[in-house]
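Asker: Got a structure for you, written out below as structure tokens; questions coming shortly.
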Amino acid sequence: MRNLFEVSDAIGIAAFTVTGVAVAIAHKAEPVWLWAPLLAMLTAAGGGILRDVLRQSGDIKSLRSEFYAEVPLIWGLLLALYLHWQALHLGPDDFVTAVVVTMAGAFLTRMAAVTLKMKSPAFA
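Reading the sequence shown from the start, the letters are residues 0 to 123 in numbering that gives the first Met the number 0.
Structural data, given as structure tokens:
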């Protein structure tokens, strides 16, 4: 059951990463390289954190040390930069490919973080 939870959480992170970037672009947030990754992180990781808080699970790993919010931040930045740099040459197929690559990358990165028990960098 734990594996099912982690897989569904990784799918959610991947989907909401793209959603956050799309919201930033739709609202013409400038600079896009700053706001798109932040909105990706807020929509993707924020939902998971809110779920854990409402569930009152006690130890909320995503708030402490888990490599969690970094995943949508990184993939949101990559998608935003790609869309920004390719804006003039971007066709519908290129956009779909970018979204699929971002979702697959975010999903695989999160699953690797879970499998390898990756921790967030600690700042003292």
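We put the CB at the ideal spot given by N, CA and C, even for glycine.
This one's a predicted model, so the numbers in the text were calculated from it and none came from an experiment.
List the residues that DSSP assigns as beta-bridge partners of Glu65.
Answerer: In the sequence shown, residue 65 corresponds to position 66, counting from 1. Beta-bridge pairing links Glu65 to Lys118.
Asker: Should Gly90 go down as buried or exposed, given a rule of 16 or more other Cβ atoms within 10 Å for buried?
Answerer: Position 91 of the sequence shown, counted from the first residue, corresponds to residue 90. Exposed, by the Cβ-count rule.
Asker: Quick check: is any heavy atom of the ligand ZN less than 8 Å from the C-beta of Lys118?
Answerer: Ligands in the displayed structure: none, and consequently the ligand ZN is not present.
Asker: Could you name the residues of the same chain whose beta carbon sits closer than 6 Å to that of Leu76, not counting the 5 residues immediately before and after it, in chain order?
Answerer: Residue mapping note: residue 76 aligns to position 77 of the sequence shown, counting from 1. Answer for Leu76: Pro36, listed in chain order.
Asker: Whose C-beta lies closer than 6 Å to the C-beta of Glu5 among residues of the same chain, with five residues either side of it excluded?
Answerer: Stepping through the sequence shown from its first residue, residue 5 is reached at position 6. Hits under 6 Å: Val113.
Asker: Inspect the CB distances between the region 87-104 and the region 11-18 and report whether three or more fall short of 8 Å.
Answerer: With the cut-off at 8 Å, the region 87-104 and the region 11-18 touch.
Asker: Measure from the alpha carbon of Leu82 to the alpha carbon of each residue in Ala44, Trp32 and His26, then state which is nearest.
Answerer: Your numbering for residue 82 matches position 83 in the sequence shown. Looking at the Cα atoms, Trp32 is the closest of the given residues.
Asker: Just checking my contact of Pro71 with Ala39 at CB under 8 Å: how many whole Å lie between their CB atoms?
Answerer: Translated into the one-based positions of the sequence shown, residue 71 becomes position 72. Translated into the one-based positions of the sequence shown, residue 39 becomes position 40. At roughly 4 Å, the Cβ-Cβ gap stays under 8 Å, so Pro71 and Ala39 are in contact.
Asker: Which same chain residues end up closer than 7 Å to Ala97 when comparing Cβ atoms and leaving out the 5 residues on each side of it in sequence?
Answerer: Position 98 of the sequence shown holds residue 97. Hits under 7 Å: Leu78, Tyr81 and Leu82.
Asker: By Cβ distance below 7 Å, which residues in the same chain neighbour Ile10 in space, the five residues on each side in sequence not counted?
Answerer: As a working mapping, residue 10 is identified with position 11 in the sequence shown. Hits under 7 Å: Phe106.
Asker: Using the rule of at least 16 other Cβ atoms within 10 Å of the residue's Cβ for burial, across every protein chain shown, is Arg109 buried or exposed?
Answerer: One-based indexing of the sequence shown puts residue 109 at position 110. Arg109 comes out buried.
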